[in-house]
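Mind the numbering: the sequence shown is residues -20 to -1, 1 to 1177 in mature numbering (1 follows the signal peptide of the UniProt record, and there is no 0), read in order.
By construction, the Cβ of each residue, glycine as well, lies at the ideal position given by its N, Cα and C atoms.
Please read the structure below before turning to the comments.
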Amino acid sequence: MRGALLTALLVLVSLLTATAAVPEMPRFRVLDATSGLPSNVVRAMLQDAAGYLWLATSDGLARYDGTAFKVWRHDPNDSGSLPGDSVLALYIDVQDRIWVLSENAGLAVLDAQRRRFIQVPVGSVAKTDALHTLTGHGDAIWLSDLHASVIRIDSAGALTRYALADVSPTLKDTPVVALTFDANGRLWVGTPDGLLYFEAGRLHLAPPPLDKASIHSIAAVGSRLWVGSTDGVYLQDAEGRWRAPNWGPMFASGNLLLSVADAGDGEFWLGSERGLWRTRQERPPVQIPLSDMHHGVSTVSSLWRDTSGGLWVPVYGRGLGYLRQDWKRMAVVRPSDGGESAYCNVAPAAYSGGLWQLNRIGELMHLNTSTGELVHTGWQRHELRGMNITTTLEDSRGRLWLANMQNGLSRLDLKNGQWREWAAHEDDAVPLYGPISWIVEMPDSSLWLEALGVLQQRDLESGRVLNQIVPGSHGLDGSRVEQIGLGPDGRLWLAAGSGVYAWESQRRMFVPISDLTGTRAYSFVPVGGNEVWVHRLRGLEQWRHSSHGWKRVALVGPQHGLPAMESLGMQHDAQGRIWLSTRRGLWRIDNTDELQVRNFGLRDGLGTQEFAEACLWMAPDGVLVGGTTDGYLMLFDTAMPDPAPFVPQLRMETVSVIRAGRRIDLPVDQPFELLPNDRQLIVGARLLSFGDPLSNRYSYWLKGFDTGWIDQGSSGTREFSSLPPADYTLLIQGTDPMGNLSRIHLVTFRVLPPWWRSAWGMSVLTGSGLLLLWGVAWNYHRRLRRRACLQLEQHQREVAERASLAKTQFLATLGHEVRTPMTGVLGMSELLLETPLDTRQHGYATSIQAAGKHLLRLVNDALDLAKIEAGKLSLERRDFDFHALLEQVVAMIRPMVERKGLRFVYRLDPEVPQYVHGDTDRLQQILLNLLINATKFTEHGEVVLQVAPGQEQACLGVRIDVADTGPGLSEEQCQRLFRRFEQVNGASTAARYGGSGLGLAICRELATVMEGEIHVDSELGKGTCFRVLLPLPWVLAVQHAVAVMDAEPSPCSNPLHLLLIEDDPTVAEVIVELLRVRGHRVTHALHGLEALVEVTLTRFDACLCDLDLPGLDGAGLIVQLRAQGQFFPIVVVTARTDADAQRQALQVGCDAFLRKPVTGEMLEQVLTQVLSAPRQEADVDTPKKGMEWEGPGSVTR
């Protein structure tokens, strides 16, 4: 009895399968506030000529382009905004204008640019707040109000009111609730007291019983007119005949018909107070569950079927639903147990059709894939209760194999209900490694199963294990097994990490399939006996077998739209198309005629895009069954054709550019121009295909810039940062996921050249270029002349520099050569003056000494000038007694002034500090030069020296004025007074007064080095005043040295034994005599070697050494003396005037530095100083502070 029942059920299932492929279970894509929908209350929907979907909502007018909503709302401060946010009705006329009727705000029309609303006044015939419905035909707009009238607005804006009372007095207070034009252009008017129509310029009552019916809605769909009333539904056919369907009362009071839309297959969608319905010929309409949209109120007030066949369904308070045109070919059903599992829950009834399911009480159920109905088979076992299935197989002998997590492997005989189990601990046990993923029946009456890489071959009848292969054995490399299945050659094939293998039963091992190995294969499916498809990461490969082996004939990869990803299952349909289940949805590859790759995901009705592993099966009737990770089953009718191709609309959304630092919009419907400095041109287009808008693709081609089409992917916007000047044509094309191409949209624009590339600009540039060439030629000749002048100036400067260098070298050499004989002149004259002489002889000697000192002063001035030019003049700054220095200068100059019969005046301001910080010698030199000049040029009157403190800053600086009553100077003479070798009246001044013309020049240079300045104020006949301003810091506290001369006798008070090393006999004789007359004993050595011998034989108290010695020079001799342990004081006596001589001498170990010529007093002072200083043995390489002596009576430390 049970077997007969099962047989009858199988026959019934096969019959149902022949009539319907998969259950009709529409799944809506929902748009709500999170998608940008302004309100979940949508009262009307229409589509304009461009393809945009317009929605009248309770919170504004919205336009949808498939990706985003654009919303118009009321702004009290903008007269061009939407009159009211609550939109009651919507109409699009033949000119594609948008008419809106707002609650309590009246009628308005949106301009062609879709920017501003124009209010349409109707106050002369109706109250604005009473307007209720809106429609139109041709150029006329029709309105209805709640005061029993219909209003017509013609193309000129004239208003005509038609009162219902003119038809019947009983209608004078009846509101008009519906207005619709039928296919013949007749206006139908619905009221609660009957149906009327407009014809021949007046209203008429409809035939009974519609003339008394309470009308709530009128819808014209094709040639049919649908009328919803409190009695039910009425239909008018194309011939004008009225009828009431037998199911019409289903839509009476409580479920009033509100809207109708064509379903595209001869049926209709109905929207009512209780939801969405679908007609079935003369059978009662079936209610369509709105899935997640159905919560509480489910009123469907309006419906719209767009140009691509998709259905738009607004559900009151929930949002806007969209149903694809091809919704019939996919169904998603819930398994009977309602559980979720990571394993495959697809149990194909391979030979009987449909699917096997287990419920919670352990009953085996049969799922009809055509109707979605579950049929009880009558088989129930406690072992099936709560069984967690991993994979199943219905074999050719009518037995159902169940791989499960409870006992491993079970088998149920569908004919007699016999049950058998193979547990993990019994004979012929299943693998212990994990759940079974694959079960495959082979033609040789064997069964293969795989569990985490372990394979078993079992006898189909007894279930006995024939072979067991563990990873790494029987020809396998141990990599993960991805799939096992029947190959095209009838053998068991296996896809693994290193490719595809086949089982050779005679050798009892897997062998690699030639050319199909190398990289991991995830899945395969044979097509016939000589073809197989293999999927790898790089793509889907089609292989064909011939006498030469396997050859790849096709590869579909990322370049064709198939991403690099793992596949979880593969099947092929009757049309030769390949289906892949992945974690990124279901993929269809059609390589029969033209390659097409299509993805099916959430927007196609799937609950999740992630499929379970090894869970894809193709039923004999062409239904593809797949299990997803959320526990649902996908049923896909592969035999159902794709929707008919159509041409989707492509519309320009935006064109903008950055100009002058801000982005501005450009026209999207006409050519435009870009200025030379415009940047970042953005062009945005939108493909108005609503099936899967996120998968729409866009291609751009800018002629003259691109070399071909540029794929922009899903982004409809392209940006050009900068374009060269030219005329451009931009081609834009969109493609929807089904491969439907839009028409190519052309955008023409021009990028203007900068002014210099325009016609007039090129003319200006040409003229400017010619002018520039002339200017360049003229400038070239001018530069040649200038270069010649510069070369001449450079040559003259080089000559002058060489002359200056030669002069400096000459002066240095002259100073050296003069100082040596001057030592003899001054020394001998000093010795001669110390001998008994008569008056005449004493005068001669005194004149010789004075002339020598004058000559020495001239040489020193020349040397100072050379140092200044070379930048080597250094100052020896120290604290000194400024008053004492002034007294010394006064003492020296006063006798000279008085000898000329002049009066000398010395004024010292009491505020002048006694001690300052500076170079005493250079300051004394400036004072003496100025005073000597004043004395020299003054014949009568006085010479004045006046000293005062500086005025610019406290405790800093002194001011020295030297004035005379001489002849004075003119302005021109004052300007050249401080030039070198310059005197007031040239040769006449030199002849009369003498001098070299260097004194004042040196004074100014010295003052400049001391960061001061000298000014002259003079007028002819009134004398001259020189003012010296020196920024000498004041010393307010001075540590006075304790005089020890009385406490300790001078070292020179006793005779000394001195060593003199000098190669010039005259200089040596002078120095020896100057020292001997003072009681000292002197040993003279002509050169260094003789000196080295003397120091080894005799002990000396001190040494005087010249630097310029024959053979071993003075510096080398000092180093040798220090190296031999001779640490007596050494005084260098030289005629050198260069600045490096003193530094060199101090570095090698001398104690004092004395420049020639010398006097006895100078020698006595220097010896006293060096012998009084503390002595210590020091490293000869260590520079130390020494003493410098220059000129009679001057010493600096």
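Any beta carbon from chain D within less than 8 Å of residue i's own beta carbon?
{"i": "VAL480", "result": "The chain labelled as chain D is not found in the depicted structure, where only one protein chain is given."}
In three-state terms, what does DSSP make of residue i?
{"i": "CYS983", "result": "helix"}
{"i": "TRP79", "result": "strand"}
{"i": "TYR481", "result": "strand"}
{"i": "TYR760", "result": "helix"}
{"i": "ASN840", "result": "helix"}
{"i": "PRO264", "result": "strand"}
{"i": "MET489", "result": "strand"}
{"i": "GLN926", "result": "strand"}
{"i": "TYR612", "result": "coil"}
{"i": "ALA970", "result": "Note on ALA970: pLDDT 46, under 50, position unreliable in the model; no value is reported."}
{"i": "GLY467", "result": "coil"}
{"i": "SER135", "result": "coil"}
{"i": "SER827", "result": "helix"}
{"i": "HIS515", "result": "strand"}
{"i": "ALA783", "result": "helix"}
{"i": "ALA1027", "result": "In this prediction, ALA1027 scores a pLDDT of 37, lower than 50, which makes its location untrustworthy; the coordinate-derived value is nonetheless stated afterwards. Looking at ALA1027 - three-state DSSP - the assignment turns out to be coil, as it is neither helix nor strand."}
{"i": "PRO673", "result": "helix"}
{"i": "GLN589", "result": "coil"}
{"i": "MET550", "result": "strand"}
Going by DSSP, what residue range makes up the alpha helix (DSSP H) through residue i?
{"i": "LYS916", "result": "900 to 917"}
{"i": "MET872", "result": "862 to 879"}
{"i": "ILE1041", "result": "Here ILE1041 belongs to no alpha helix (DSSP H); instead the beta strand (DSSP E) covers 1037 to 1041."}
{"i": "GLN955", "result": "951 to 955"}
{"i": "ILE449", "result": "Not the alpha helix (DSSP H): ILE449 falls in the beta strand (DSSP E), residues 445 to 449."}
{"i": "ALA1048", "result": "1045 to 1056"}
Around the C-beta of residue i, are 16 or more other C-beta atoms found within 10 angstroms, so that it is buried, or is it exposed?
{"i": "LYS880", "result": "exposed"}
{"i": "ASP294", "result": "A quick correction: the sequence has Pro, not Asp, at residue 294. Counting Cβ neighbours within 10 Å, PRO294 comes out buried, since at least 16 surround it."}
{"i": "PRO717", "result": "buried"}
{"i": "THR728", "result": "exposed"}
{"i": "GLY251", "result": "buried"}
{"i": "PHE790", "result": "exposed"}
{"i": "residue 1188", "result": "The requested residue 1188 does not occur in the structure, where the chain is confined to residues -20 to 1177."}
{"i": "THR1078", "result": "exposed"}
{"i": "ARG984", "result": "buried"}
Using the DSSP secondary-structure output, state which residues sit across from residue i in a beta bridge.
{"i": "ALA383", "result": "THR371 and LEU389"}
{"i": "TRP168", "result": "THR160 and TYR177"}
{"i": "ARG939", "result": "ALA928 and LEU1009"}
{"i": "ASP645", "result": "SER636"}
{"i": "PHE97", "result": "LEU90"}
{"i": "SER526", "result": "GLY529"}
{"i": "GLN576", "result": "ASP570"}
{"i": "VAL885", "result": "VAL924"}
{"i": "TYR302", "result": "ARG9 and TRP292"}
{"i": "HIS540", "result": "Bridge partners of HIS540: none, in fact."}
{"i": "TRP740", "result": "Answer is none; TRP740 lacks a bridge partner."}
{"i": "GLY251", "result": "SER239 and LEU256"}
Which two residues bound the contiguous beta strand (DSSP E) that contains residue i?
{"i": "PRO600", "result": "Element bounds for PRO600: n/a, residue is neither H nor E."}
{"i": "ARG141", "result": "139 to 143"}
{"i": "MET620", "result": "No beta strand (DSSP E) holds MET620; DSSP gives it neither H nor E."}
{"i": "ALA1071", "result": "No beta strand (DSSP E) contains ALA1071, which is instead part of the alpha helix (DSSP H) from 1068 to 1077."}
{"i": "GLN27", "result": "22 to 27"}
{"i": "THR108", "result": "Neither: THR108 is in no beta strand (DSSP E) and is coded neither H nor E."}
{"i": "PRO506", "result": "503 to 506"}
{"i": "VAL663", "result": "659 to 668"}
Length-filtered (3 minimum) beta strand (DSSP E) runs lying within the stretch 688 to 728
690 to 693, 697 to 700 and 706 to 715
Taking only runs of the alpha helix (DSSP H) that begin and end inside the stretch 1079 to 1139, which ones reach a length of at least 4 residues, in chain order?
1094 to 1103 and 1119 to 1128
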